[in-house]
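Q: One structure, pasted below without further comment.
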Amino acid sequence: MKKKGFLMVISGPSGVGKGTVCQALLKGNDKIKYSISATTRPKRPQERSGDDYFFLSEEEFEKGIKEDKFLEYARVHGNLYGTPKDFVMDGINNGEVIILEIDVQGALQVKENYPNGVFIFLLPPSMSELERRLTHRGTESAEQVELRLNNARGEISKINEYQYAVINDTVENAVAHINSIIDAESLRVINNLSLDEYLKEETYD
Ligand code: 5GP
Numbered sequence: 005m006k007k008k009g010f011l012m013v014i015s016g017p018s019g020v021g022k023g024t025v026c027q028a029l030l031k032g033n034d035k036i037k038y039s040i041s042a043t044t045r046p047k048r049p050q051e052r053s054g055d056d057y058f059f060l061s062e063e064e065f066e067k068g069i070k071e072d073k074f075l076e077y078a079r080v081h082g083n084l085y086g087t088p089k090d091f092v093m094d095g096i097n098n099g100e101v102i103i104l105e106i107d108v109q110g111a112l113q114v115k116e117n118y119p120n121g122v123f124i125f126l127l128p129p130s131m132s133e134l135e136r137r138l139t140h141r142g143t144e145s146a147e148q149v150e151l152r153l154n155n156a157r158g159e160i161s162k163i164n165e166y167q168y169a170v171i172n173d174t175v176e177n178a179v180a181h182i183n184s185i186i187d188a189e190s191l192r193v194i195n196n197l198s199l200d201e202y203l204k205e206e207t208y209d
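End of the sequence shown sits at 209 in this note's numbering; the numbers just go up one at a time, nothing left out.
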């Protein structure tokens, strides 16, 4: 008999290192699966549907919105992107930890639709360190860095909507903390037991 999995949302301001932390998490734990988004953006040559994204037409996506098929969605640079509910729910029922790496606005939208998720906020060690990381990437102008820092202040003010705050001082530390959260959440009664099956002397994997 399989334990149920859960949805884990990893969020935080731009530049905090969500992508790096999620990649490291995925490498070290084969129970974790990345949520694959749906999009109306044209497929790039090396991309595969169902691997990188589920590529949908505008009509298919709009139909999905009407039928409440997305945990959240947004229009980014003119294309629609969203988190398909079925993919997440199938993974959870299959005992997987589905991770969603998403900005704060998206995370709060997910929380409205699926409050049973585990919501983790990745914090920079300090605002000056966030500024250093954003400047260091070299991809943003000084004005862009200032804009992102201002956005970050607004985003961090939403932290009480989350259950966990993990400081991303080093990737190793952040990953270790998130793995502890996964261990604890896996032991939650709600994620664990079907009492009927347990009382029938079934054993858990
Ligand atoms: P790209 O087209 O370059 O793969 O992604 C463009 C943008 O879409 C990125 O900023 C990415 O974070 C955002 N994005 C990708 N998937 C989703 C999703 O499922 N929901 C939302 N809200 N944004 C997404």
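Idealized CB from N, CA, C, for every residue including glycine.
I'd like the ranges of any beta strand (DSSP E) spanning at least 3 consecutive residues and lying wholly in the segment 117-145.
A: Fully enclosed beta strand (DSSP E) runs of 3 or longer: 122-127.
Q: Between the segment 27-43 and the segment 179-188, do three or more beta carbon pairs fall short of 8 Å?
A: yes
Q: Should A188 be labelled buried (16 or more other beta-carbon atoms within 10 Å of its own) or exposed?
A: With fewer than 16 other Cβ atoms within 10 Å, it is exposed.
Q: From which residue to which residue does the alpha helix (DSSP H) around Y202 run?
A: Per DSSP, the unbroken alpha helix (DSSP H) holding Y202 starts and ends at L199 to L203.
Q: Do you know how far the Cα of S132 is from the Cα of V92?
A: 36 Å
Q: Can you find the residues in the same chain that come closer than 8 Å, C-beta to C-beta, to V122, ignoring five residues on each side of it along the sequence?
A: F10, L11, M12, V13, Q167, Y168, I185 and E189
Q: Using only the alpha-carbon positions, how far apart do K204 and E100 sit?
A: 24 Å
Q: Between which residues of its own chain and Y57 is the CB-CB distance below 6 Å, once the five residues before and five after are set aside?
A: S41 and T43
Q: Where does I106 sit, in a helix, a strand or coil, going by DSSP?
A: strand
Q: Using 8 Å as the threshold, is the C-beta distance between V20 and L191 below it?
A: no
Q: Say the cut is 7 Å; is the CB of H156 nearer than that to a heavy atom of the ligand 5GP?
A: Before going on, a small fix: residue 156 reads as Ala here, not His. No - the ligand 5GP has no heavy atom lying nearer than 7 Å to the Cβ of A156.
Q: Is T44 near the ligand 5GP, going by C-beta to nearest heavy atom under 7 Å?
A: no
Q: Is it a yes or a no for the segment 99-119 touching the segment 73-80, going by three-plus beta-carbon pairs under 8 Å?
A: yes
Q: Run through the DSSP bridge pairs and tell me what G86 is partnered with.
A: As a beta-bridge residue in DSSP terms, G86 pairs with A42 and Y77.
Q: By Cβ distance below 6 Å, which residues in the same chain neighbour E62 in space, the five residues on each side in sequence not counted?
A: Same-chain partners within the cutoff: T44.
Q: With a cut-off of 8 Å on the beta carbons, I'd call N172 and V25 a contact; round off their distance for me.
A: N172 to V25, Cβ: 6 Å. Contact.
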